[in-house]
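> Numbering (our numbering), first residue to last: 1 to 179.
Below are the structure tokens for one structure; questions will follow.
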């Protein structure tokens, strides 16, 4: 990844102008998980990122039920990594549009049926938000695949990927875990 300084120099020398400079500046801008309050499947109130429990937190975001197989693969990896790294905590965050309370209750009840192990419920936190605004805050261009974020305790994103779990992504994630 090029530094901001080298990107500016390249843009100026190449005559690419302010649009490239703006894109370069935005690429360097740190991303922080937005403040969101929701309830886990265990029915406990969770304020993110304030209530993140790990020194680092692996957040698996999904945007559609069709992404469940990807989420399940990432979940198994997250559980394995959590056993290896004492300060790591994982969360599964299904992201949906804001809905009425009855719909949210029905959706959450369905998820409890899909995740039959109540030990996992505290770490599964469905988010009902303005999806477009939420994605924009996290610099997520599209919601067609799972997005995986590694954050510090304050919610600052230190690593990200999207899509299926691969050996390359596994290695990059292991390298990004800082302890």
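We treat Cβ as the ideally placed atom computed from N, Cα and C, and that holds for glycine.
Tell me the rounded alpha-carbon separation between residue 59 and residue 92.
6 Å
> Quick one: what's residue 45 bridged to in DSSP?
39
> Could you tell me which of 30, 71, 155 and 31 sits nearest to residue 124, measuring between CA atoms?
71
> Just curious, the beta strand (DSSP E) that residue 89 is in, first and last residue?
88-97
> Taking residue 96 and residue 126 to be in contact with their CB atoms under 8 Å, please state how far apart those CB atoms are, rounded to whole angstroms.
7 Å
> Kindly provide the ranges of any beta strand (DSSP E) runs that are 3 or more residues long and lie completely inside the segment 94-164, ordered along the chain.
If we require 3 residues or more, the beta strand (DSSP E) runs fully inside the segment 94-164 come out as 127-129, 147-152 and 157-162.
> Nearest to residue 137 by alpha carbon, out of 38, 167, 156 and 50?
156
> Please work out which residues of its chain come closer than 6 Å, Cβ to Cβ, to residue 89, disregarding the five sequence neighbours upstream and downstream, and give them in chain order.
53, 54 and 57
> Which two residues bound the contiguous beta strand (DSSP E) that contains residue 62?
Here the beta strand (DSSP E) through residue 62 covers 56-62.
> Straight-line CA distance for residue 68 to residue 29?
31 Å
> To the nearest whole angstrom, what separates the beta carbons of residue 42 and residue 122, a pair I think is in contact under 8 Å?
4 Å
> Do you know how far the Cα of residue 31 is from the Cα of residue 119?
30 Å
> Is it buried or exposed for residue 74, if we count other Cβ within 10 angstroms and need 16 for buried?
buried
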